[in-house]
Structure formats: C-alpha cells, structure tokens
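Q: In this note's numbering, the protein residues as written are 9 to 406.
Glycine included, each C-beta is placed from N, C-alpha and C at the ideal position.
Keep in mind that this is a model prediction, so the values were computed, not measured.
Take this structure, written in structure tokens, and hold onto it; I'll ask about it next.
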Amino acid sequence: NVAIPIVVSRDRLGAGQAVARLAGAAPVVPSWSKAVFIGGRQVPLPFERRELTRMLPDGHKGRALRDWGRTRASIRSRELIGGGFEERSYRDWVVQRYGQTAYDLLYAPYAAKRFGSPETASVNLARLHHGLVDESPLVSLGSSPQQGFERLMDGVDVRTEVSIEGLELHEGKVSRVLTDEGTIELDGRVFCAAPLPDLAEWLGDALSAHQRRDISQLDNRHRVQVALQLADGSDLPAELHVVDSAPFFRITLPEFLPGGGELRGTVIAHLALGDDDGLWNSSDRRLVEEVVRAARTLGLSVSGRDARVQRLPSHDPSWASPMWYPIWVRVAAALDQLGITLVGRAAAQRWSDAGALLLHAERVGRGAADWHEQARLLLDPPVLIQDLDHTITRFVER
C-alpha cells in the first residue's frame, strides 16, 4: 500500500480528481480467491453449508445449525409481522442473523483480532465486511506505485519521502506545509489522507481545545504487515482469513496485485494492534518470530529470513462508539473551513473499500452537498431489508 498524506493542488476539483487517479481503478485479477482458516483446516469461501458442521468443534456443530435455523425463522417472522431488535454493535448484527454459536466460535475470534472488541465495535463493521456483496472490480494502484505517482503529478504538487513538520494558517486558511526539506507555499486546498492524530499535531494551536478533544475520541488501531518467504508448493488463496489462534487476522499473496509479480513466493501477514498490545511495542525481530511461529502452527511453511516489517500507526479506524460518526462529521466540517479536505481510509475514519473512498474524494473535491450527506451516501453501509437474510456461507466480503 502507498499512502499520500498530503496532496497540494491549485484548484479543489483538480486535487479531487488526482486523488482518484492515484489508484488507477484497475481490476486486480479476474477471480480473487478467498478462504477461512478454522479448526486447523483451510475452507474456501463461500463454503458449502455442510462445511459448517466440519468447521466447528465437536459438541457445537448441531447447536450451530439449530441456532442458525431458529435465527432464519425469526427473520422470516419479522418480515411478515414487522418489528425486530435494535442493532448497535458488531455482535448484534451477527447474533441476529447466524445465532450465538456461530458468533462465539467463528465471528467473534476473527473480529477481536481485526477490529477489537466485537461488543463495542459499530454494527457498520459487520454490514460492510460480512453483509454487503460488492461485485465491482477491486481498486488498487496501477501497474506499479511509480505509475500511480506519475498519474498524480499532472497539475498536483506531490512530495514523497518528505517528513511533514507542521501546517501554517493565514487568515484562517492553511497557507504553508512545513517539511524537513523546506516550506511548501499553498495557493489552494490540501487533500489530507493522514491519520487525524498526525494532522492535529501538524496544526498545533490552530485547533481549538474542543476540536482536539473531538479528534482524541476517534480511536485508531495500528496495522503491522510482515512479509515472509513461502516455501514452494504451498497452496494458498489470494486472501486467507484466520479464525484460529494467531496474532494475524489475514494472510495475503502480493503476487496477484498489479506490479507484484516479483513478489511471487512471498506472503504478507496482517496484524491489527492496539496501543497497549505487547506486539506493537515489541521489536521487529520479536514480531517476525511470533508471526513465523503462528504461521507454522497453522501448517504454513514460511521462513523468517529476509522478513520485512511495515508498521502503519493509526491505520485502522475504530468504530467503537455510537458517537464516532457525529464527531467525525463535526471534525471534517471544521477542517474544511481551514482549507483541509479529508480523504482516504485513515482520515475519513472509515473501513470502506477503496472504490467508495475514491468516489468520496471526487465528490468532496467538487464541493458537492455537505460532509454529512456525502459520508452517509458513500461511506456508511445502508440498512437494507435484505440485509437480514445474508448467508453465513460467505463469512467475509471485504
């Protein structure tokens, strides 16, 4: 992944289009294979219904099917007579569709590793990652990150490998970006895809105490990606979602991504960690050792030699409070008045897929409607009647 923290443009529309062009809107592969690792075995997604009895531990298989059957009957009755239950958390969404047993043994362990506590994570996480099927092509960089940057250069000032030290305002608008290589004078807007804590630090006293408090309430989790060598002959899908005990929630094959051909034979383990997680605060060496140990326990033949660790602070937004949405809208509107447009996953505090985030960048770049409306239409999964009838066999969509 390549992150552009600051994009400077002389006109608002141009920057919005440039942010969208950065990703190239290129389909990754014709078919993107996925599987879930549970009970010591790899199960292709979507799995056959009978696989549910093989995936879960003895003593729970029949109970899981009965729970699911009762839940589906309840859904049908609600469609006929109306009514239902309020859904606030990730847990609510899963239990009301698949039952308590499937939640306890399949969804909760996965969600805890990826999102944090499923009891407090917003219901939107479940709607997005398990419920909404997106048939459109995956969106990624062009054939290479370099090509993506070249596309972005047209009419936009792009600086890479530059450390941002602060933002200066003039007459209430951002007028300068201070970097370790000098000052960038602005004559337009700043499109920011950086995590909000970083942005708050760059703005310093330009933010009010109330705005700082708002940003501090928008929690984030850190992402760590560990690249390992994979032994020849290992049969893995493009995405392997891991329910069984392991520090990582997913393993991916970068060779399927545009420009990733030279990475054949490499796997990437993805970890989502909190501030207080021992692995986040540990050395790269320990991280690699833990990931290699867990991968081998799962039966993967990997080597820690020449492993690479990438740490992405505040990369994964935590939808962990019913108040996060109005807080973010308030923050986004306030920053917009300063000439700062929030785009991208970290700044938008959304787990939405790349396509939705890019469309959002274009819309706000044109100044269309207001922040609340654009976020509601493009970034937050809608509540649909058929949302109650998604099948357990797909497990994860994103």
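Exposed or buried, what is GLY124 when buried is set at 16 or more other beta-carbons lying within 10 Å of its beta-carbon?
A: GLY124 should be labelled buried.
Q: How far does the beta strand (DSSP E) with HIS178 in it reach, from first residue to last?
A: Element bounds for HIS178: 172 to 178.
Q: Thinking just about the alpha-carbon of each residue, which of LEU287, LEU175 and THR305 is nearest to the one in ASP213?
A: It is LEU175 whose Cα lies nearest to the Cα of ASP213.
Q: Between LEU343 and the rest of its own chain, which residues show a CB-CB distance below 7 Å, the 5 nearest in sequence each way excluded?
A: The residues are LEU350.
Q: Have a look at ILE348 and HIS278 and give me their C-alpha separation to the nearest angstrom.
A: When rounded, the distance between both Cα atoms is 30 Å.
Q: Could you give the residue range of the beta strand (DSSP E) that holds ARG231?
A: That run of the beta strand (DSSP E) goes 228 to 238.
Q: What does the alpha-carbon distance come out to for the pair ARG338 and ARG371?
A: Their Cα atoms are separated by approximately 18 Å.
Q: Provide the residue span of the alpha helix (DSSP H) that contains THR399, from first to last.
A: Per DSSP, THR399 belongs to no alpha helix (DSSP H) and is neither H nor E.
Q: By Cβ distance below 6 Å, which residues in the same chain neighbour TRP288 in space, the five residues on each side in sequence not counted?
A: Closer than 6 Å at the Cβ level, and outside the excluded window around TRP288, lie HIS230 and LEU281.
Q: Does DSSP classify GLY150 as helix, strand or coil?
A: Residue confidence for GLY150 is low, a pLDDT of 38 falling below 50, so the modelled location carries little weight; the figure read from the coordinates is stated next. It is coil, neither helix nor strand.
Q: To the nearest angstrom, how far is it from the Cα of LEU261 to the Cα of GLU297?
A: Their Cα atoms are separated by approximately 20 Å.
Q: With a threshold of 6 Å on Cβ separation, who are the neighbours of LEU320 within its own chain once the five nearest residues in sequence on each side are excluded?
A: Here the set comprises ARG231.
Q: Excluding five sequence neighbours on each side, which residues of the same chain lie with their C-beta closer than 7 Å to the C-beta of ALA254?
A: Hits under 7 Å: ALA302 and LEU306.
Q: Quick check on GLY70: buried or exposed, where buried means 16 or more other Cβ atoms within 10 Å of its Cβ?
A: Answer is exposed; the Cβ neighbour count stays below 16.
Q: Is it true that the segment 40 to 48 meets the segment 241 to 251, where meeting means three or more beta-carbon pairs spaced less than 8 Å apart?
A: Enough Cβ pairs lie closer than 8 Å, so yes.
Q: Which residue's Cα is closest to the Cα of ASP112: ASP75, GLU405 and ILE172?
A: Considering only alpha carbons, the answer is ASP75.
Q: Between SER326 and PRO65, what straight-line distance do the alpha-carbon atoms span, to the nearest angstrom?
A: C-alpha separation (whole angstroms): 30 Å.
Q: Can you list, in chain order, the residues of its chain whose CB lies under 6 Å from that of PRO52, leaving out five sequence neighbours each side?
A: Result list for PRO52: ALA43, in chain order.
Q: With a floor of 3 residues, list each beta strand (DSSP E) that falls wholly inside the segment 326 to 359, ordered by position along the chain.
A: Listed in chain order, they are 348 to 350.
Q: For LEU60 and ARG406, what's the separation of their Cα atoms in angstroms?
A: So the alpha carbons of these two residues sit roughly 20 Å apart.
Q: With a CB to CB cut of under 7 Å and the five nearest residues on each side skipped, what residues in its chain are close to PRO117?
A: Within the same chain, PRO117 has close Cβ partners VAL251.
Q: Opposite LYS181 in the DSSP bridges: which residues?
A: DSSP, once it has assigned bridges, lists HIS178 as partnering LYS181.
Q: On a CA-only basis, which of THR79, TRP101, ALA72 and LEU114 is nearest GLY48? Give me that one, please.
A: Nearest option by C-alpha distance: LEU114.
Q: Checking 9 Å against the spacing of the C-beta atoms, do SER360 and LEU387 come in under that value?
A: Yes. Within cutoff.
Q: Taking three-plus beta-carbon pairs below 8 Å as touching, is the segment 308 to 319 in contact with the segment 220 to 227?
A: Contact between the segment 308 to 319 and the segment 220 to 227 is absent, because fewer than three Cβ pairs lie under 8 Å.
Q: Please name the residue or residues paired with ALA120 in a DSSP beta bridge.
A: For ALA120, which the question treats as bridged, DSSP gives no partner whatsoever.
Q: What would DSSP say about ALA246, mapped onto helix, strand or coil?
A: In this structure, ALA246 counts as coil in the three-state DSSP scheme.
Q: Which stretch, first to last residue, makes up the alpha helix (DSSP H) that contains LEU211?
A: Here the alpha helix (DSSP H) through LEU211 covers 204 to 211.
Q: Express the C-alpha separation of LEU215 and LEU121 in angstroms, rounding to a whole number.
A: According to the sequence displayed, residue 121 carries Lys and not Leu. In a straight line, the C-alpha of LYS121 is about 34 Å away from that of LEU215.
Q: So, for ALA246: in the same chain, excluding its five sequence neighbours on each side, which residues have a beta-carbon less than 6 Å away from its beta-carbon?
A: If we look at ALA246 and ignore the five residues flanking it on each side, its Cβ neighbours are TRP40, SER41, LEU261 and PHE264.
Q: Quick one, are the C-beta atoms of ALA355 and LEU207 less than 9 Å apart?
A: Their beta carbons are under 9 Å apart, which means ALA355 touches LEU207 by this criterion.
Q: Can you grab the Cα-Cα spacing for the pair CYS200 / ALA72, in whole Å?
A: Taking the straight line from one Cα to the other gives about 45 Å.
Q: Whole angstroms are fine: how far does the CA of ASP243 sit from the CA of GLN50?
A: Rounded to whole angstroms, GLN50 to ASP243 spans 10 Å at the Cα level.
Q: Based on the DSSP output, what are the partners of SER311 in its beta bridges?
A: Answer is GLN237.
Q: Please report how far the alpha carbon of VAL185 lies from the alpha carbon of SER322, in whole angstroms.
A: Taking the straight line from one Cα to the other gives about 21 Å.
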